[in-house]
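Chemist: Pasting a structure below so you can have a look.
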Amino acid sequence: MIHREVTCPVCGCGCDDITVKVDGGKISDIRGACLVGRAKFIEVSEGGKHRIRKPLMRKNGNVKEVSWDKALDEAAEILTSTKKPLIYGFSENSCEAVKIGVDIAEEIGGFIDSQSSHCHGPTILGEQMVGIPSCTLGMVANYADLIVYWGANPVDSHPRHLSRFSVYPRGLYRPEGRRDRKFIVIDTRKTCTGKIASTFIQVEPNKDFELISALRILVEGGELEESEIAGVPVKEIKKLAKTLTTCEYGVVFVGLGLTHSEGKWNNIDNLLNLVRSVNKHTRLSVVAMRGHYNVAGFNEVLTWRTGYPFSVDFQRGYPRYNPGENSIIDMLAKGEIDAMLSISADPASHFPKKCVQHLAKIPLISIELARTPTTELSDLVIPGVVAGMESPASYYRMDNVPLIAKKFLDPPFSQTSSDEETLKMIYQRILDKGK
Amino acid sequence: MIPEGLQDYRLFLGLDLKVVLDTGSSTRQGKVMRSGGKITEGEEYKRASTVCYMNVGDMSFLGVFNGDNVELSSEEGSVVLSAEASSSPAGVVFVPKGPWINSIISSETSQSGSPRFKGMTISVSASKGKVKSVDELIGRYRKAVRKNEK
Amino acid sequence: MPFKLWGELMNEVTLKVKEVPETGLEVENITPDAFAGMDVKDVSELIIHAGKKKVGISDFFRVSGKTAKTASKQKITIEGSNTLLKRIGEGMSGGEIKVLGDVGYHLGEYMTGGKIHVSGNAGSWIGTCMSGGEIVIEGNAGSYIGASSRGLREGMSGGRILVLNDVGTEIGVGLMDGEIIVEGAASSFVGSYMSGGVIRLSGISGRIGYAMRAGVIEVLDKSFKAPFYFKQTGEEGEFQIFEGDVSFKGRGRIKVLR
């Protein structure tokens, strides 16, 4: 059977134009996905050869299969018997699952966080201070005549981004596609994206902040006395300022190059102020290159429920927010968490050493599709369901547009129909313990 | 091309270079990650994640060729990776994100929640060490816990 | 000692730390305002927070001494403090807190008067949005010193913070009025969004005066180079004067020792 307009549940592009052919409950053909997305479809399609199908428990170095009931009981026990438990992940899962995650975190008086706190958390911190003039990806494809990737390398991180949304698509007001657009990349090294840009600006590492301040001085009508700032000749900075202020509809895609380097959220704060200045001359928008297909969805759901986008602390019975204090990286590095549930995330691969050292010490539950460094450190592993393929999923794309991913396959086990349902079963057991 | 004798001499001198470390995504790594093979296809995950993309001049200075091993060190520790020439500017190296490079990344966030994944100054030097497998890396974390528990 | 203690005119309550649990303790009730007018017995039963649990002060502190009738006459000494003690002195309006040891985050936030003295190191978020009073840290302090809280542009509007050693990042963010003196060096982002007040440092290794609109930052380091978004305007005694943040049309001043 052929399923059209299926979603690829991987990166922030959230491509919903994929076509799959399903034969006998397995994917036999995929059209439209990039090579990274394709790998996820293939994982599910080849009988899911890497999939975890039964819950696993690790005790005294031995791993054994356990029943679903035992696993869910154990999860509830770990989360209710510890003093500072944390629920983490959700970036490649559904908004429905996030809702239950928030319920659980609130009930156990713990913390909830996602990949956003250490990826685009600084972007959100900047947005909270300055505000973000933005637009949808559809508007980019149809209106934009200037595309700037700052600290982002979509060819490696979001392979279909340029062809589907930004540089190559033929839009309503850009019928010539690439020829109607200027394409600029600003980065510390000439990445694959930088190599195909019309203009590549190489900035000194950790000095994007200075480049942004220089641009703003020029855009506000001031002058620069220096010959070079942040490793970029002032002549080039002047050209860039002119390009920004004379475009018709410009879009700056912000990547982790700005949020991870020195300055962190101040880089974004500065950039958003620059965009404000440019908006006195023309229309310039900013879109954050969210890395996972529903990391923005986590921010949305948590904000409806608590008023805060990530790093929420429920210890006092009401939500509190202070990134840097209650964010997962800081808390793990200081050894402040004493139990963790990780869902659709791989902290053991992606966190700095001190955090992983602490993760190895505490009771760790992971809800995962396949074995990862995190499952190898977990005390309890519960098989995950692919949200957006094996269960329907609401998600928010990188431009915060809400979309729905269809279900077109069944999970390779019958004990649960979705991660949302798995979390509901854990939540019910937690509530039962409270009675 | 560095004559073989001179390469050994450089290794003997133990030269090291201070560089700025950039970590991030790569499609090759993305592919194996998404296919669920981080452990079950550990060799491919390792091959995709343990490359240190360097500037050609920097590699020359250290006396390393494509495929030679290099050791990257910071205050957090050190890791052995495989060097590859790239369009990185002098003084900048790029390593795909993941447990190998994260073993030397600082967890310091300047109270922002986001650690120093990009922009750390580290040392690089030629190395005769071996690149660890993903099982060895994770096993090291587990062993440390068991040692402390005794 | 940076200031005189008028011990004989104040009543003192001493809190000796028995132990600090792994969860840490949030003790926003340890202020002269909360203790004044109470019995010492009632002070022992004031609520503090150990993670999820509400506990009494006496569960983790040995309480002794005399309470005063008003906050301005109340002194509190905390012995054996460490970095797991958070929110000491929140919102206090008078009196004194003397901490022997280190403190954690959120010291003296929103305070309007009184004095806090820490003999060891302090964490981050010190004197957030304070409008009066004085905080002295003898050791190092963390980040967000005399700064605004998350989501707020405006920060400290009065009072004084003195740190005898080094500090981290985000010092005096949104400073409107008041004084922040750091005898050691700061890391980065000093005086962002400042619109008044004075910051004095002996050195800085990162960015300064971002989006500064008014106010003064003194850098007592002859080798310091002002950033390009501050223009040199002249000299004043032993200082060179730079004005900026030019990209925000700001008239803040950075004074650098010549």
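Protein chains in written order, with our numbering: chain F, 20 to 454; chain E, 698 to 847; chain U, 8 to 265. Glycine is no exception: its CB is placed at the ideal position from the N, C-alpha and C atoms.
#1: Would you tell me roughly how many angstroms separate the C-alpha atoms of Ile449(F) and Ser138(U), rounded to the nearest one?
#2: Can you list the alpha helix (DSSP H) stretches of 4 or more residues lying completely in the region 39-103 of chain U, in chain order?
#3: For a contact defined as C-beta to C-beta under 9 Å, what are the partners of Lys59(U) on chain F?
#4: What residues from the region 149-172 of chain U come within 9 Å of chain E, judged by C-beta to C-beta, listed N to C?
#5: Consider the Cβ of Gln147(F): report whether some Cβ of chain E lies at a distance smaller than 8 Å.
#6: If you check the beta carbons only, do Asn318(F) and Ile166(F) fall under 8 Å apart?
#7: Am I right that Leu714(E) and Val748(E) are in contact with their C-beta atoms under 8 Å? What's the rounded C-beta distance?
#8: Quick one: which chain E residues come within Cβ less than 8 Å of Ser330(F)?
#9: Once the 5 residues before and after Phe228(F) are set aside, which same chain residues still bring their CB inside 7 Å of it?
#10: Give me the chain E residues within the contact set of Ser131(U), using Cβ-Cβ distance strictly less than 7 Å, ordered along the chain.
#11: State the beta-bridge partners of Thr212(F) as determined by DSSP.
#12: Have a look at Thr262(F), Ile445(F), Lys452(F), Glu440(F) and flag the residue whose alpha-carbon is nearest the alpha-carbon of Ile116(F).
#13: Classify Asp349(F): buried if its beta carbon has 16 or more other beta carbons within 10 angstroms, exposed otherwise.
#14: Check Ile123(U) in the structure and name its three-state DSSP category.
#15: Indicate the three-state DSSP secondary structure (helix, strand or coil) for Arg731(E) in the structure shown.
#16: Which bits of chain U does Phe228(F) rub up against, with CB to CB less than 9 Å?
#17: Between the region 336-353 of chain F and the region 63-78 of chain U, can you find at least three pairs of beta-carbon atoms closer than 8 Å?
#18: Grab the span of the beta strand (DSSP E) containing Val420(F) for me, first residue to last.
#19: At which residue ranges does the region 215-297 of chain F contain complete beta strand (DSSP E) runs of 3 or more residues, listed in the order of the chain?
#20: Check whether chain F comes within 8 Å of Phe196(U), counting only Cβ atoms and requiring the distance to be less than that.
#21: Count the other CB atoms within 10 Å of the CB of Ala364(F); is the residue buried (16 or more) or exposed (fewer)?
#22: On the criterion of 16 or more Cβ atoms from any shown chain inside 10 Å, does Tyr337(F) qualify as buried, or is it exposed?
#23: Does the region 768-776 of chain E come within contact of the region 218-233 of chain F, defined as at least 3 CB pairs closer than 8 Å?
#24: Taking the alpha-carbon positions, what's the Ala352(F) to Glu86(U) distance?
#25: Using a Cβ cut-off of 9 Å, pull out every chain F residue sitting near Phe235(U), in sequence order please.
#26: Report buried or exposed for Ser665(E), applying the criterion of at least 16 other Cβ atoms within 10 angstroms of its Cβ.
#27: In chain E, which residues lie with their C-beta within 8 Å of the C-beta of Asn81(F)?
#28: For chain E, find out if any of its Cβ atoms is closer than 8 Å to the Cβ of Thr176(U); answer yes or no.
#29: By a C-beta neighbour count over all protein chains shown, 10 Å radius and 16 as the cutoff for buried, is Trp169(F) buried or exposed?
#30: Looking at the structure shown, is Asp132(F) part of a helix, part of a strand, or coil, going by DSSP?
#31: Starting from the C-beta of Ser385(F), find all residues in its chain whose C-beta is less than 6 Å away, skip the five residues before and the five after it, and write them out in chain order.
#32: Relative to the C-alpha of Gly739(E), which candidate in Arg57(F), His69(F), Gly56(F) has its C-alpha closest?
#33: Got a sec, what are the start and stop residues for the alpha helix (DSSP H) Phe758(E) sits in?
#34: Which same chain residues end up closer than 7 Å to Glu161(U) when comparing Cβ atoms and leaving out the 5 residues on each side of it in sequence?
#35: Kindly indicate if chain F contains any beta-carbon less than 8 Å away from that of Arg744(E).
#36: Beta carbon of Gly108(U): closer than 7 Å to some heavy atom of the ligand SAH?
Modeler: Taking the geometry as given:
#1: Numbered from its first residue, the first sequence carries residue 449(F) at position 430. Numbered from its first residue, the third sequence carries residue 138(U) at position 131. In a straight line, the C-alpha of Ile449(F) is about 44 Å away from that of Ser138(U).
#2: 39-42, 47-51, 64-67
#3: Sequence index remark: in the third sequence, residue 59(U) carries index 52 (1-based). Result: Lys102, Lys103, Ile127, Gly128, Gly129, Phe333, Gln334, Arg335, Gly336.
#4: Gly149, Ser150, Tyr151
#5: Position 128 of the first sequence holds residue 147(F). Not an interface residue.
#6: For the purposes of this step, residue 318(F) is taken as the residue at position 299 of the first sequence. For the purposes of this step, residue 166(F) is taken as the residue at position 147 of the first sequence. Cβ distance not < 8 Å, so Asn318(F) and Ile166(F) don't count as in contact.
#7: The count along the second sequence starts at 1 and reaches residue 714(E) at position 17. The count along the second sequence starts at 1 and reaches residue 748(E) at position 51. Leu714(E) to Val748(E), Cβ: 17 Å. No contact.
#8: Within the first sequence, residue 330(F) is the residue found at index 311, counting from 1. In chain order: Gly810.
#9: Counting from 1 along the first sequence, the entry for residue 228(F) is found at position 209. The answer, listed in chain order, is Gly282, Asn285, Asn286, Asn289.
#10: To locate residue 131(U), count along the third sequence from 1; it is residue 124. Here the neighbours are Gln808.
#11: Numbered from 1 along the first sequence, position 193 holds the residue referred to as residue 212(F). In the DSSP assignment, no residue is bridged to Thr212(F).
#12: Within the first sequence, residue 116(F) is the residue found at index 97, counting from 1. The sequence given here has Ala at residue 116(F), not Ile. Checked all of Thr262(F), Ile445(F), Lys452(F), Glu440(F); the closest Cα to Ala116(F) is Glu440(F).
#13: Locating residue 349(F) in the first sequence gives position 330, where the first residue counts as 1. By the neighbour-count rule (16 or more Cβ atoms within 10 Å), Asp349(F) is buried.
#14: As a working note, residue 123(U) is residue 116 in the third sequence. Reduced to three states, the DSSP call for Ile123(U) is strand.
#15: Within the second sequence, numbered from 1, the residue matching residue 731(E) stands at position 34. DSSP places Arg731(E) in helix when its eight states are reduced to three.
#16: Your numbering for residue 228(F) matches position 209 in the first sequence. The answer, in chain order, is Arg214, Tyr217.
#17: no
#18: Numbered from 1 along the first sequence, position 401 holds the residue referred to as residue 420(F). Looking at the DSSP string, Val420(F) is not in any beta strand (DSSP E), and its letter there is neither H nor E.
#19: Here the runs fully enclosed are 218-221, 268-273.
#20: As a position in the third sequence, residue 196(U) is number 189, starting the count at 1. Closer than 8 Å to some Cβ of chain F, the Cβ of Phe196(U) qualifies, so yes.
#21: As a first step, residue 364(F) is located in the first sequence; it is residue number 345 there, counting from the start. Its Cβ being crowded by 16 or more others within 10 Å, Ala364(F) is buried.
#22: Against the first sequence, residue 337(F) aligns to sequence position 318. When all chains shown are included, Tyr337(F) counts as exposed.
#23: no
#24: What you label residue 352(F) is simply residue 333 of the first sequence in a count that begins at 1. What you label residue 86(U) is simply residue 79 of the third sequence in a count that begins at 1. Straight-line Cα distance between these residues: approximately 27 Å.
#25: For this step, residue 235(U) is matched to residue 228 along the third sequence. Within 9 Å Cβ-Cβ: Glu229, Ser232, Ala233, Ile236, Leu243, Glu244, Glu245, Ile248.
#26: For residue 665(E) there is no data in the structure shown, the boundaries of chain E being 698 and 847.
#27: For this step, residue 81(F) is matched to residue 62 along the first sequence. Result: empty, since nearest Cβ-Cβ is about 12 Å, beyond 8 Å.
#28: Here residue 176(U) is taken as the residue at index 169 of the third sequence, counted from 1. Output row for Thr176(U): interface = yes.
#29: Position 150 of the first sequence, counted from the start, is the residue given in the question as residue 169(F). It counts as buried.
#30: Your numbering for residue 132(F) matches position 113 in the first sequence. Per DSSP, reduced to three states, the secondary structure at Asp132(F) is strand.
#31: Counted from its first residue, the first sequence places residue 385(F) at position 366. Around Ser385(F): Ser361, Thr393, Thr394, Ser397, Val400.
#32: Locating residue 739(E) in the second sequence gives position 42, where the first residue counts as 1. Distances from the alpha-carbon of Gly739(E) to those of Arg57(F), His69(F), Gly56(F) put His69(F) closest.
#33: Locating residue 758(E) in the second sequence gives position 61, counting from the first residue. Per DSSP, Phe758(E) is one residue of the alpha helix (DSSP H) stretching across 753-759.
#34: On the third sequence, residue 161(U) is found 154 positions in, with the first residue counted as 1. For Glu161(U), where only same-chain residues beyond five positions count, the Cβ hits under 7 Å are Ser155, Gly181, Met183.
#35: Locating residue 744(E) in the second sequence gives position 47, where the first residue counts as 1. Chain F contact via Cβ: absent.
#36: The ligand SAH is not part of this structure, which contains no ligands at all.
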